[in-house]
Each structure stands twice: as C-alpha cells, then as structure tokens.
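The opening residue of the sequence shown carries number 66 in the working numbering; numbering runs sequentially from there.
Don't be surprised by glycine CBs; every beta carbon is placed ideally from N, CA and C.
Predicted model only: the values in this text are computed from it and were never measured.
Working notes, beginning with the structure itself.
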Amino acid sequence: VSAEKVVAQVDREFRFMMSQLHTGLHILNALVYQRFEGALVTGVQMAADGTARIDFDLPEADNNDLRRLEPELNTLISDGLQVNAVYLDAAELAREPGVVRSRSVAPPSQDDGTTRIIEIVGLDRQACGGTHLSKTSQSAPLRILKIENKGQHNRRIRIGLVR
C-alpha cells in the first residue's frame with residue numbers, strides 16, 4: 066500500500082466567477098419560470114470564459130420577450146438579495162410545487178435524505194447542489210448575449226458577465 070499525499074487547492078477567482086454565473090442563472094431561471102408559465106430547464110452549461118447558457122422548454126416564446134428580461138435580471142443583481150441554502154425532506158419537497166425545475170436531472174439529495182434548496186429571498190426557491198453567492202450584488206452585471214432556437218421546444222439563452 067502506497068501512502069502518497071494529494072494536495073488540492075481551490076482557484077478562488079475561478080470559483081467566484083462560477084458563483085456569479087450560477088447565481089445569475091438562478092435569477093434568469095426565476096424570471097423565465099414566472100413569466101413563461103413554469104417553463105422547465107432542459108440544460109445548463111457554464112464556461113471558463115465567463116459565459117453560460119441555459120436551455121428552456123419554451124416552444125412558443127418570442128425571443129424579443131426573452132431579451133427584455135436583461136434589465137430586470139440586472140436590477141435583481143444590484144438589489145443585493147440574500148441567497149440562502151435550506152434543506153427540505155421528501156414530504157416538504159413534494160408540498161412545494163415548482164421547487165424542482167429541471168426536466169431531466171433530479172436534485173441531489175444529502176446523506177440524510179434531504180434536498181438542498183437555494184432561496185433568493187423575495188424572488189425564488191429551487192433545488193440545487195451548486196456554488197452560489199451569498200448576496201446577488203456580489204455579482205457583476207450580466208448581458209444576454211444570444212437567444213437561439215434549439216429544436217422544436219428548446220430555447221437557449223446565452224449570458225455573459227460584464228467586466
């Protein structure tokens with residue numbers, strides 16, 4: 066048996082960028098969910114260049130209506146809303162419709178069977194296992210870079226941090 070030492074180090078700058086993108090995606094998800102009749106997420110990807118994409122099941126949405134979400138997205142960022150993590154057991158999770166927003170990915174559960182919920186106070190609650198800011202105002206503003214139709218139902222929104 067070999068006793069090798071492994072050293073890991075968190076890249077704080079990269080993690081902070083990912084936290085900004087991830088929190089911004091939560092805000093955008095909340096706006097789309099509220100404005101477009103509970104549209105579900107069909108995919109998400111964040112990139113090392115400070116951009117991200119989120120796909121929604123939005124067959125009837127007008128791309129211009131989606132573009133118009135950018136000012137509100139940035140207002141919610143600058144408002145400094147508190148971001149908290151809470152944990153719900155299966156019964157509580159079942160009683161809270163809309164807390165699970167992904168069409169294909171089940172929320173990660175903890176060892177005790179609870180599910181982590183990210184709450185942006187006054188805006189949204191949804192299941193998530195990712196990394197987030199503690200206040201929305203810790204993020205740089207976001208720009209909607211592009212909106213694409215991806216198949217019959219999917220609408221992709223590309224965002225980027227404004228630096």
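Q: Tell me whether L210 is buried or exposed, calling it buried when 16 or more other Cβ atoms sit within 10 Å of its Cβ.
A: exposed
Q: Write down every uninterrupted run of the alpha helix (DSSP H) in the segment 110–177 whose length is 4 residues or greater and which is fully enclosed by it, in chain order.
A: Listed in chain order, the alpha helix (DSSP H) runs fully inside the segment 110–177 are 128–132, 135–143 and 155–159, counting runs of at least 4 residues.
Q) Exposed or buried, which one is R77 when buried takes at least 16 other CB atoms within 10 Å? A) Exposed: under 16 other Cβ atoms inside 10 Å.
Q.
My assumption, with CB atoms under 8 Å, is that T201 sits in contact with L146. Please give the rounded CB distance.
A. The beta carbons of T201 and L146 sit about 5 Å from each other, so the pair counts as a contact at 8 Å.
Q. So what does N214 bridge to, in DSSP terms?
A. R220
Q: Note down, in chain order, each residue of its chain lying with its Cβ closer than 7 Å to the Cβ of L141, except the 5 sequence neighbours on either side.
A: I92, L188 and T201
Q | Outcome for R220 when other beta-carbon atoms lying within 10 angstroms are tallied against a minimum of 16 | A | It is buried - the Cβ of R220 has at least 16 other Cβ atoms within 10 Å.
Q: May I ask which residues mark the beginning and end of the alpha helix (DSSP H) holding Q203?
A: Taken as a continuous stretch (DSSP letters only), Q203 belongs to no alpha helix (DSSP H), as it is neither H nor E.
Q. What residue range is occupied by the uninterrupted alpha helix (DSSP H) comprising A95?
A. R77 to R100
Q) With a CB to CB cut of under 8 Å and the five nearest residues on each side skipped, what residues in its chain are close to L90? A) V109, M111, A117, I119 and I224
Q.
Closer than 8 Å is the cut-off here; do at least three beta carbon pairs connect the segment 121–135 with the segment 93–100?
A. Taking 8 Å as the limit for Cβ pairs, the verdict is that the segment 93–100 does touch the segment 121–135.
Q | Beta-carbon gap between Q85 and L158 smaller than 8 Å | A | Contact flag unset, no.
Q) Per DSSP, what kind of secondary structure is G108 in: helix, strand or coil? A) strand
Q) Is R160 buried or exposed, if buried means 16 or more other CB atoms sit within 10 Å of its CB? A) exposed
Q. What residue from R181, E102 and E135 has the CA that sits closest to Y152's CA?
A. R181
(Q) The beta strand (DSSP E) that contains Q191, what's its start and end? (A) D189 to A192
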